[in-house]
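Per the numbering used here, residue 1092 is the first one in the sequence shown, and the count goes up by one each step.
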Amino acid sequence: MDPNGAFFFRINEKWAWSINNTLPERLRFILENKDHPQANQFPYDVAFPVESGKFSISWHTKQGEDRYDASSLGPQYARLVEFILENAHSRQHTSRTVFGPNSSYFTFSPRGPSWQHLPPDLMASIAEHVSRPTCVALGAHGSFVVLFEDGARRFEGLEYYPAVNKLVWQPKGITFISLNPHKGGMYFALYCDGSASWSLPNEWERAVNNVCSAISSPPSPSSPALHWSSPPAPPPLVFYSRPPSFHSSPPGFQSFPPVLQLPPPNVQLPPPSAPPGFRPSGLSMLEAADHIWSLYNHTQQHSAVSGLNNNFAASGSGSQQALIADPSGNLANNSSNALFADPGNSGFDPSSSANDLDPGILGSLIGALDPSSVFDGIATIFGN
């Protein structure tokens, strides 16, 4: 929902949007104009920042292409735009993107999640929890709800959403929730038993009821949708205080090769990144160094595209999003195991690094292999 009252709502194969001219014109043109050269056939991901007139969309066109449009987001969301672009280059797309106050966002993708400017308690919840998040809701005044793969949930600030403060304790469990970041009290929730509840404007009632009928409909394999084919047991409660385009694209529209399917629900996604100071136990320091080098190459190569500073740690995200190595034991030739890793990078090559880095910097890297000084070494490598 955007500040003007525009909304977009999708479950499985059904979706609806506001028809009272509150949608940004470019978005309305994609969704409503069947003669548009990139007319929508299936929306993968539609989201509205809290700033008026902005939107982000990834969709499958009637021409059989996958496209995205994030041109209206502006520099405060440069990190998200770059993340969308990186996924497009890998023939993937984001899903379940949400925006909140203070230019915050959280998004999922087959490459892993991305976020910035999240409330500190939410950052801590993600970093501390051993299971990955499956749903993040950002509300007004720093409120949030986060759901994890193991069924746990953590939340804060729900005094602004009294109904949500009650429903999070229900034994049937929540599988999805969204909060209105502009106004307390408004929410939409789906439960593990296939039911739903909401507090939304009356004029949305017909659209919401129509889309909710898709809960019992089987989704298509390519849809990044929620599934209820076999509802899980109620979770425990945890309280926390391309083919080439046939038509030329209008300015601002981007095309990428066909995306194909998201991994099945039982496939494990890469782990989320963690804030500075988070020290995962049992990780190989050499593996961490490998990912550091991959990230450094990636930021150098893509800085011109993203408009971000080559110094990744000073990218202006404010999210304190840090690299985390893959604890599974995979090496760098599977660099998708690290968030923002460069898919084209073959890994950390100590012999070639001697020609690229000052010996003193290499000494800092060696020192970083000691867990007690790893973060000091990383900071030195990136000039901090």
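Ideal Cβ positions, reconstructed from N, Cα and C, are used throughout, including at glycine.
Exercise. Just how far apart, CA to CA, sit Asp1241 and Pro1224?
Worked result: So the alpha carbons of these two residues sit roughly 9 Å apart.
Exercise. Where does Gln1265 sit, in a helix, a strand or coil, going by DSSP?
Worked result: Looking at the sequence shown, residue 1265 is not Gln but Ile. Here Ile1265 sits in strand by DSSP.
Problem set entry | Between the CA atoms of Thr1113 and Gly1096 - distance to the nearest angstrom | Cα to Cα, the separation comes out at about 6 Å.
Exercise. If you drop the 5 nearest sequence neighbours on each side, which residues of the same chain put their C-beta closer than 6 Å to that of Ser1194?
Worked result: Excluding positions up to five away in sequence, the list reads Gln1167, His1208.
Exercise. CA-CA distance, Asp1157 and Phe1120?
Worked result: The C-alpha of Phe1120 is placed about 16 Å away from the C-alpha of Asp1157.
For this session: Over the uninterrupted alpha helix (DSSP H) stretch that includes Ile1121, give me the two end residues.
Result: 1116-1123 is the span of the alpha helix (DSSP H), which, as asked, contains Ile1121.
For this session: With a threshold of 16 other CB atoms inside 10 Å of the CB of Asn1124, please say whether the residue is buried or exposed.
Result: So Asn1124 counts as exposed.
For this session: Would you tell me roughly how many angstroms separate the C-alpha atoms of Thr1198 and Asp1126, rounded to the nearest one?
Result: Each residue's alpha carbon lies about 30 Å from the other.
Problem set entry | 7 Å Cβ shell around Leu1291 - same chain, five flanking residues per side excluded | The residues are Met1277, Phe1279, Val1299.
Exercise. Secondary structure at Leu1055, three-state DSSP: helix, strand or coil?
Worked result: Residue 1055 is absent from the structure shown; the chain starts at 1092 and stops at 1475.
For this session: With DSSP as the reference, please indicate the residues paired to Gly1191 in a beta bridge.
Result: According to DSSP, which records beta bridges pairwise, Gly1191 is partnered with Ser1195.
For this session: Could you tell me the boundaries of the beta strand (DSSP E) in which Asn1131 lies?
Result: Looking at the DSSP string, the run of the beta strand (DSSP E) that includes Asn1131 is 1131-1138.
Exercise. Between Val1302 and Trp1150, which are expected to be in contact by the criterion C-beta below 8 Å, what is the C-beta distance as a whole number of angstroms?
Worked result: The beta-carbon distance between Val1302 and Trp1150, rounded to whole angstroms, is 17 Å. This is too long to meet the 8 Å contact definition.
Exercise. Under three-state DSSP, which class holds Ala1215?
Worked result: Ala1215 falls in the helix class under three-state DSSP.
Exercise. Can Ser1269 and Ala1243 be called in contact, C-beta distance under 8 Å?
Worked result: Going by C-beta atoms, Ser1269 is not nearer than 8 Å to Ala1243.
For this session: From the DSSP output, in three-state form, read off Ile1102 for me.
Result: Shown here, Ile1102 sits in a strand according to DSSP, grouped into three states.
Exercise. Going straight from the alpha carbon of Glu1247 to that of Gly1233, what length do you get?
Worked result: Roughly 8 Å between the two C-alpha positions.
Exercise. Looking at the structure shown, is Pro1224 part of a helix, part of a strand, or coil, going by DSSP?
Worked result: Strand, per DSSP.
Exercise. Does the distance from the CB of Val1236 to the CB of Val1221 come in under 8 Å?
Worked result: Not closer than 8 Å, so no.
Exercise. CB Leu1176 to CB Lys1145, shorter than 8 Å?
Worked result: For Leu1176 and Lys1145, no; Cβs fall outside 8 Å.
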